[in-house]
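Engineer: Quick one: the structure is below, questions incoming.
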Amino acid sequence: MTATPHPLLDPLAQLDAQGAQFDWDAHDVLRLDERYRRRQLPLLHEAPRPPLTGHDLPPAEFWPPVRSAVIPIDDAVLRADADFTAFLDDLRRALSPAVWWPGLQLRADRVHATLAPDLGIDAQLPDEPLAAVHLAVRGPWIGRINTGRIYLPVQAADAGSARQLEAVRAWLGAEHRPLLAGYLQLTDDVGGEQYAALRELVSRHQTRIHVPVTPAELRLMDTMDDLVLRSRVAQRAPFTSPTAADSTRSLARQPSRESV
Numbered sequence: 120m121t122a123t124p125h126p127l128l129d130p131l132a133q134l135d136a137q138g139a140q141f142d143w144d145a146h147d148v149l150r151l152d153e154r155y156r157r158r159q160l161p162l163l164h165e166a167p168r169p170p171l172t173g174h175d176l177p178p179a180e181f182w183p184p185v186r187s188a189v190i191p192i193d194d195a196v197l198r199a200d201a202d203f204t205a206f207l208d209d210l211r212r213a214l215s216p217a218v219w220w221p222g223l224q225l226r227a228d229r230v231h232a233t234l235a236p237d238l239g240i241d242a243q244l245p246d247e248p249l250a251a252v253h254l255a256v257r258g259p260w261i262g263r264i265n266t267g268r269i270y271l272p273v274q275a276a277d278a279g280s281a282r283q284l285e286a287v288r289a290w291l292g293a294e295h296r297p298l299l300a301g302y303l304q305l306t307d308d309v310g311g312e313q314y315a316a317l318r319e320l321v322s323r324h325q326t327r328i329h330v331p332v333t334p335a336e337l338r339l340m341d342t343m344d345d346l347v348l349r350s351r352v353a354q355r356a357p358f359t360s361p362t363a364a365d366s367t368r369s370l371a372r373q374p375s376r377e378s379v
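If you read the sequence shown in my numbering, its first letter stands for residue 120, the second for the next number, and so on.
In structure tokens:
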């Protein structure tokens, strides 16, 4: 019997084991699911967005804010990688009108992988130093849920980094699962030649892309929409230089904090 892959060390294999990826064989059209249409499609515009407030909320935004622990991903590092740039170029040629390209600029400083979602509003990050973690960005990936968003799976580059992230999740009382960074959004259903092109593009670039990243900090983020277009950083916890093992032992001595 094949062992289940570790969700942090091999997110693509873990997602495959869960059957979470969009089933390309079972369809000839990629249809935006109801969750995506309700929670993300109304956000795909470039109009100015008012400051964070609980009044007169437009569609697909919510109050009170949702707090999550997230790992920022440096978009400039992604864009500097030749394989990643090739993916974006191929996507433009194949599906240009069906992709919300302005989102790349609007979300350039907001790209992240969610380590612990839906925390209580009083949740705080550990006070102990967090050892440096080394990650690799993979992709692209489209799921059965929230279909229409193009994700980038994010994996721990080594066992020490995985242990450090597991320790933080345990401290926050969060579930252990694969890391995904939402990156691009589709604007409509994709069928015909574009469907075939998108399927081939995902297959070709999914394992080819492997961008090393070393995040500078872990963030506690309060957000009012699923694309974090209106959000604020509530707390920052730098990743420092102690070994992952030492930092993990420090966190392990603390009781797990359950979400409020």
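For glycine and all other residues, C-beta sits at the position ideal for the given N, C-alpha and C.
1) According to DSSP, Phe358 sits in a beta bridge with which residue or residues?
2) Look up Arg323 in the DSSP assignment and say whether it is helix, strand or coil.
3) Where in the segment 267-323 do unbroken runs of the beta strand (DSSP E), each at least 3 residues long, occur, reported from the N-terminal end onward?
4) Using the C-alpha atoms, what's the distance from Glu294 back to Gly262?
5) Looking only at its own chain, which residues have a Cβ that is under 8 Å from the Cβ of Asp134, when we skip the five neighbours before and after it?
6) I need the straight-line Cα distance from Asp277 to His174, nearest angstrom please.
7) Where does Arg211 land, buried or exposed, given buried means 16+ other C-beta within 10 angstroms?
8) Could you tell me the alpha carbon to alpha carbon distance between Leu127 and Gln274, rounded to whole angstroms?
9) With DSSP as the reference, please indicate the residues paired to Gly262 in a beta bridge.
10) Helix or strand or just coil, what does DSSP make of Val196?
11) Just how far apart, CA to CA, sit Met340 and Phe358?
12) For my contact list, Leu305 and Ala217 are in at a C-beta cut-off of 8 Å; report their separation, rounded to the angstrom.
13) Measuring CA to CA, which of Arg168, Ala213 and Gln159 is closest to Ile264?
14) Relative to the alpha-carbon of Ala335, which residue among Trp219, Leu238, Ala286 and Pro191 has its alpha-carbon at the smallest distance?
15) Let's test the definition: count the other Cβ atoms within 10 Å of the Cβ of Asp129 and tell me whether it reaches 16, buried, or not, exposed.
16) With a threshold of 8 Å, are at least 3 pairs of Cβ atoms found where one atom belongs to the segment 346-356 and the other to the segment 198-213?
17) Can you grab the Cα-Cα spacing for the pair Ser280 / Ala251, in whole Å?
18) Excluding the 5 residues preceding and the 5 following Asp307 in the sequence, name in chain order all residues of the same chain whose CB lies nearer than 8 Å to its CB.
19) For Pro221, name the three-state secondary structure that DSSP assigns.
20) Report the rounded CA-to-CA distance for Leu197 versus Ala232, giving the unit in angstroms.
21) Using three-state DSSP, classify Pro216 as helix, strand or coil.
22) Please work out which residues of its chain come closer than 6 Å, Cβ to Cβ, to Arg154, disregarding the five sequence neighbours upstream and downstream, and give them in chain order.
23) What are the start and end residues of the beta strand (DSSP E) that includes Glu336?
24) Considering only residues of the same chain and omitting the five flanking positions on each side of Pro221, which have a CB-CB separation below 7 Å?
25) Output the distance between the C-alpha atoms of Gln325 and Ala199, rounded to the nearest integer angstrom.
Structural biologist: Taking the geometry as given:
1) Bridge partners of Phe358: Leu249.
2) helix
3) 268-275 and 298-304
4) 19 Å
5) Per the sequence shown, the amino acid found at residue 134 is Leu instead of Asp. Cβ within range, chain order: Gln140, Trp260, Gly262, Pro272 and Pro297.
6) 45 Å
7) That one is exposed.
8) 5 Å
9) Gln140
10) helix
11) 16 Å
12) 6 Å
13) Gln159
14) That would be Pro191, whose Cα lies nearest to the Cα of Ala335.
15) With 16 or more other CB atoms across the displayed protein chains lying within 10 angstroms of its CB, Asp129 is buried.
16) no
17) 7 Å
18) Leu151 and Ala217
19) helix
20) Cα to Cα, the separation comes out at about 14 Å.
21) Shown here, Pro216 sits in a helix according to DSSP, grouped into three states.
22) Asn265
23) Glu336 to Asp344
24) Glu165
25) 18 Å
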